[in-house]
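Novice: Chains as they are written, first to last, in the numbering used here: chain A, 4 to 139; chain B, 5 to 375.
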Amino acid sequence: MLIDIDPDSESPLYQQLRDQVVRGIADGTLKPGDPLASVRQLAVQFGINSATVGKGYELLRHEGLVRTSRRSGSVIARGPADQQTAGFADGWTDRLRTLLAEAVAHGMPEASIRAATDSLLTDFATRRADPTRSAS
Amino acid sequence: MTVFVLVFALGFTAFFGVLFAVVVGLRPPELPLSVRVPQAHANDQVVRSAIRRFRVSLLVMWLVTAAVTTVLVSVDLPALATVIPVLLYAGLTILALVLSRRLIIRAKRQGNWFEGVPGRVSAQLTPPSYRHPPFIWAVLAAIVLAGATAVGVALYPTLPDPLPIHFTIAGVANAWAPKSVWSVFGLLMIGAVVATLLTALSVAAARYSVRVQPGDTAEQAALRTQVQRGMLTSLLAELAFVLALGISAIDVTQRLAPGARGVIAVCTIAMVVLIMVVVISNVARGRVQLRPANVRSGENPRPDSIDDDEHWKGGLFYVNRDDPALVVPRRFGLGWTLNFGRPAGVVLTITLLLVIVGGGIVPLLLVTHTR
Numbered sequence: 004m005l006i007d008i009d010p011d012s013e014s015p016l017y018q019q020l021r022d023q024v025v026r027g028i029a030d031g032t033l034k035p036g037d038p039l040a041s042v043r044q045l046a047v048q049f050g051i052n053s054a055t056v057g058k059g060y061e062l063l064r065h066e067g068l069v070r071t072s073r074r075s076g077s078v079i080a081r082g083p084a085d086q087q088t089a090g091f092a093d094g095w096t097d098r099l100r101t102l103l104a105e106a107v108a109h110g111m112p113e114a115s116i117r118a119a120t121d122s123l124l125t126d127f128a129t130r131r132a133d134p135t136r137s138a139s
Numbered sequence: 005m006t007v008f009v010l011v012f013a014l015g016f017t018a019f020f021g022v023l024f025a026v027v028v029g030l031r032p033p034e035l036p037l038s039v040r041v042p043q044a045h046a047n048d049q050v051v052r053s054a055i056r057r058f059r060v061s062l063l064v065m066w067l068v069t070a071a072v073t074t075v076l077v078s079v080d081l082p083a084l085a086t087v088i089p090v091l092l093y094a095g096l097t098i099l100a101l102v103l104s105r106r107l108i109i110r111a112k113r114q115g116n117w118f119e120g121v122p123g124r125v126s127a128q129l130t131p132p133s134y135r136h137p138p139f140i141w142a143v144l145a146a147i148v149l150a151g152a153t154a155v156g157v158a159l160y161p162t163l164p165d166p167l168p169i170h171f172t173i174a175g176v177a178n179a180w181a182p183k184s185v186w187s188v189f190g191l192l193m194i195g196a197v198v199a200t201l202l203t204a205l206s207v208a209a210a211r212y213s214v215r216v217q218p219g220d221t222a223e224q225a226a227l228r229t230q231v232q233r234g235m236l237t238s239l240l241a242e243l244a245f246v247l248a249l250g251i252s253a254i255d256v257t258q259r260l261a262p263g264a265r266g267v268i269a270v271c272t273i274a275m276v277v278l279i280m281v282v283v284i285s286n287v288a289r290g291r292v293q294l295r296p297a298n299v300r301s302g303e304n305p306r307p308d309s310i311d312d313d314e315h316w317k318g319g320l321f322y323v324n325r326d327d328p329a330l331v332v333p334r335r336f337g338l339g340w341t342l343n344f345g346r347p348a349g350v351v352l353t354i355t356l357l358l359v360i361v362g363g364g365i366v367p368l369l370l371v372t373h374t375r
């Protein structure tokens, strides 16, 4: 899987890295047990500081999405089919509240919000079912 | 002697000309002549004519070099004629590259090709699996070196003391050394060290990280990594064997027929020709294998790279203080280059230059001195 980061974006590089790994897990591009490049390899490929990549990996470990062991390096720790992470919903509902509030505040109709959510969820599911569509 | 010098110089420079012409074809579409261009302009007329111009100038520069070599040989300066054409041609090809890529750079600036193009830096999160280098070459190198050592051991009691170590062209000994393990097996030891170094480099090449080219899909990026790693690993592994073979052959003929006329020259020429064949064949094969990675379908276009030309001086030298990497994949050609934006890169380069200059000048002085 390729990760594309935007050096000019306001979102920090480690956050961009973390977000794309989460998306990769959701759409099935990354499966439980998939080995990830080491922090150093990734930093060298991007041409950025190792600490930045390390911070992204640390976030993912903290969330339980990535597991690092001395023997096998970093691997994807879980997938959509696994049991829901305990205590996950609390923080997520909070962030979702902010996201929905943004849409409502900007006058997005409720139907459009629901339609957008549905289409994104369907997209994840179809990509998971058909791996050839998850190439990018 | 003069014919030999002429053939050597012209053959050597022709080899580099062909190598460069092939290497230009290895490039991803977005890096013509080591200039970063957006995908939308990768196939512009100016890009194609600049590449054509570079290839034509490779030939023109070679003809210039050939003329200079002929003059040097005809005024009876054969020692200079072995070194100067190679340096001259190296300088001229760099000049050709700089002049040809300037066409693209100018068009890119005037047309503001990167204006409004969102730039991304990409990397492979899931790297292609490691494939170990072909160890058969290391095994074969060890076998020939062991064979040559066995010949040396068997003949050791019968070797004269002092041992003749250098002969004139006519086959008369003109330099001697006391017979010892070092004077008898020194050449083979050098061969073993060089073969081991090359094998170690080929193992390192099997792991090296290739930067993702903009426009590559995940599959194409994986293919690019596999092909570039494969090209370098097999090239280095095969070179280890060729060097071991050449050195063993020279050593065995020295033992069996000391000073035999022309044998060393024949062995050396055969070794140089084999090295050229190994380099060209690996690069040409890599170019064929890379073809699918350089196809752009146009559907689901990938984001463009940021314009990083400012970090590549002359398209050849990488200077970037903000990049933590000391060794980065070359932008033009094959293998790695150092990041001169880091102090360690500068120190390493100076050391390497000293080794190369020392390794080139000392033998030359010895040859001219003993003639």
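All C-beta atoms in this analysis are idealised placements derived from N, C-alpha and C, irrespective of residue type, glycine included. These numbers were taken from a predicted model, which means no experiment stands behind them.
Using only alpha-carbon positions, find the residue among B:101, B:249, B:189, B:276 that is nearest to residue 63 of chain B.
Specialist: Ranking the options by Cα distance to residue 63 of chain B, first place goes to B:101.
Novice: For chain A, check one thing: does any of its Cβ atoms lie closer than 9 Å to the Cβ of residue 123 of chain B?
Specialist: Yes, because at least one Cβ of chain A sits closer than 9 Å to the Cβ of residue 123 of chain B.
Novice: Among all the DSSP beta bridges, which residues are the ones paired with residue 76 of chain A?
Specialist: According to DSSP, residue 76 of chain A bridges with A:72.
Novice: Count the other CB atoms, across all protein chains shown, that sit within 10 Å of the CB of residue 10 of chain A; report buried if there are 16 or more and exposed otherwise.
Specialist: Exposed, since its Cβ has fewer than 16 Cβ neighbours within 10 Å.
Novice: At the 9 Å Cβ level, is residue 46 of chain A part of the contact set with chain B, yes or no?
Specialist: Yes, because at least one Cβ of chain B sits closer than 9 Å to the Cβ of residue 46 of chain A.
Novice: DSSP beta-bridge partners for residue 170 of chain B?
Specialist: Bridge partners of residue 170 of chain B: B:179.
Novice: So which of B:266, B:29, B:123 has the shortest CA-CA distance to residue 311 of chain B?
Specialist: The candidate whose alpha carbon is nearest that of residue 311 of chain B is B:123.
Novice: By how many angstroms is the C-alpha of residue 322 of chain B removed from the C-alpha of residue 118 of chain A?
Specialist: The straight-line gap from Cα to Cα measures roughly 49 Å.
Novice: Using a Cβ-Cβ cut-off of 7 Å (strictly less than) and excluding sequence neighbours within five positions of residue 227 of chain B, which residues of its own chain qualify?
Specialist: Result list for residue 227 of chain B: 296, 297, in chain order.
Novice: Within 9 Å (strictly less), CB to CB, does residue 5 of chain A reach chain B?
Specialist: Cβ-Cβ to chain B under 9 Å: yes for residue 5 of chain A.
Novice: Taking the straight line between their C-alpha atoms, what separation do you get for residue 157 of chain B and residue 247 of chain B?
Specialist: Distance between the alpha carbons of residue 157 of chain B and residue 247 of chain B: 21 Å.
Novice: When you compare the region 161-177 of chain B with the region 208-219 of chain B, are there three or more beta-carbon pairs, one atom per stretch, that lie closer than 8 Å?
Specialist: Not touching, per the Cβ criterion.
Novice: With 8 Å as the limit, tell me which residues of the region 37-62 of chain A have their beta carbon closer than that to any beta carbon of chain B; keep them in chain order.
Specialist: The region 37-62 of chain A vs chain B, Cβ under 8 Å: 37, 38, 39, 40, 44, 45, 46, 47, 48, 49, 50, 51, 52, 53.
Novice: I want to see whether chain B comes within less than 9 Å of residue 107 of chain A, judged by CB atoms only; does it?
Specialist: No, because no Cβ of chain B sits closer than 9 Å to the Cβ of residue 107 of chain A.
Novice: Just checking: is the beta-carbon of residue 324 of chain B within a distance shorter than 9 Å of some beta-carbon in chain A?
Specialist: For residue 324 of chain B, the answer is yes, since a Cβ of chain A falls inside 9 Å of its Cβ.
Novice: Determine, for residue 257 of chain B, whether the minimum Cβ-Cβ distance to residues of chain E falls below 9 Å.
Specialist: Judged by its chain identifiers, the structure shown contains no chain E, and its protein chains are A and B.
Novice: Is it buried or exposed for residue 134 of chain B, if we count other Cβ within 10 angstroms and need 16 for buried?
Specialist: Looking at its Cβ environment, which holds fewer than 16 other Cβ atoms inside 10 Å, residue 134 of chain B is exposed.
Novice: Please list the partners that residue 93 of chain A has in chain B, where partner means a Cβ-to-Cβ separation under 9 Å.
Specialist: In chain order: nothing, as chain B lies at least about 28 Å away.
Novice: How is the alpha helix (DSSP H) around residue 128 of chain B delimited, first residue to last?
Specialist: It is not in any alpha helix (DSSP H) - residue 128 of chain B instead sits in the beta strand (DSSP E) that spans 123-128.
Novice: Less than 9 Å separating the beta-carbons of residue 27 of chain B and residue 337 of chain B?
Specialist: It is a contact, given that the beta carbons lie within the stated cut-off.
Novice: Please list, in chain order, all residues of the same chain as residue 23 of chain B whose beta carbon is under 7 Å from its beta carbon, the five residues on each side excluded.
Specialist: For residue 23 of chain B, where only same-chain residues beyond five positions count, the Cβ hits under 7 Å are 283, 284, 287.
Novice: I'd like to know whether the C-beta of residue 296 of chain B is nearer than 9 Å to at least one C-beta of chain A.
Specialist: Answer no: the Cβ-Cβ gap between residue 296 of chain B and chain A never drops below 9 Å.
Novice: Would you mind reading off the limits of the beta strand (DSSP E) that contains residue 5 of chain A?
Specialist: 5-8 is the span of the beta strand (DSSP E), which, as asked, contains residue 5 of chain A.
Novice: For a contact meaning CB atoms closer than 9 Å, what does residue 10 of chain A contact in chain B?
Specialist: Within 9 Å Cβ-Cβ: 123, 124, 125, 310.
Novice: Starting from residue 332 of chain B, trace the beta strand (DSSP E) in both directions and tell me its first and last residue.
Specialist: 331-333 is the extent of the beta strand (DSSP E) around residue 332 of chain B.
Novice: Does DSSP classify residue 34 of chain A as helix, strand or coil?
Specialist: Coil.
Novice: Among the candidates B:88, B:94, B:199, B:341, whose CA atom is the shortest distance from the CA of residue 405 of chain B?
Specialist: Since the displayed chain B opens at 5 and closes at 375, residue 405 of chain B lies outside it and no answer follows.
Novice: Could you name the residues of the region 17-29 of chain A whose beta carbon sits closer than 9 Å to any beta carbon of chain B, in the order they occur along the chain?
Specialist: Those residues of the region 17-29 of chain A that come within reach of chain B (Cβ to Cβ, closer than 9 Å) are 20, 23, 24, 27.
Novice: Where DSSP assigns a beta bridge to residue 16 of chain B, which residues make up the other side?
Specialist: Beta-bridge pairing links residue 16 of chain B to no other residue.
Novice: Grouping DSSP H, G and I as helix and E and B as strand, with all else coil, what is residue 154 of chain B?
Specialist: In the structure shown, residue 154 of chain B sits in a helix (DSSP, three-state: H, G or I).
Novice: So, does the CB of residue 216 of chain B fall closer than 9 Å to a CB anywhere in chain A?
Specialist: Chain A contact via Cβ: present.
Novice: Could you tell me whether the Cβ of residue 102 of chain A comes closer than 9 Å to any Cβ of chain B?
Specialist: False, the Cβ-Cβ gap to chain B never drops below 9 Å.
Novice: When the Cβ atoms of the region 194-207 of chain B are set against those of the region 244-259 of chain B, are three or more pairs found closer than 8 Å?
Specialist: Yes, since at least three Cβ pairs between the region 194-207 of chain B and the region 244-259 of chain B fall closer than 8 Å, the two stretches touch.
Novice: Could you tell me which whole beta strand (DSSP E) segments of length 3 or greater appear in the region 296-365 of chain B?
Specialist: Those beta strand (DSSP E) runs which fall completely within the region 296-365 of chain B and span 3+ residues are 331-333, 340-342.
Novice: Residues of the region 25-43 of chain B with a CB closer than 8 Å to any CB of chain A: list them in chain order, please.
Specialist: Per Cβ criterion, the list is empty.
Novice: So for residue 22 of chain A, helix, strand or coil by DSSP?
Specialist: Three-state result, residue 22 of chain A: helix.
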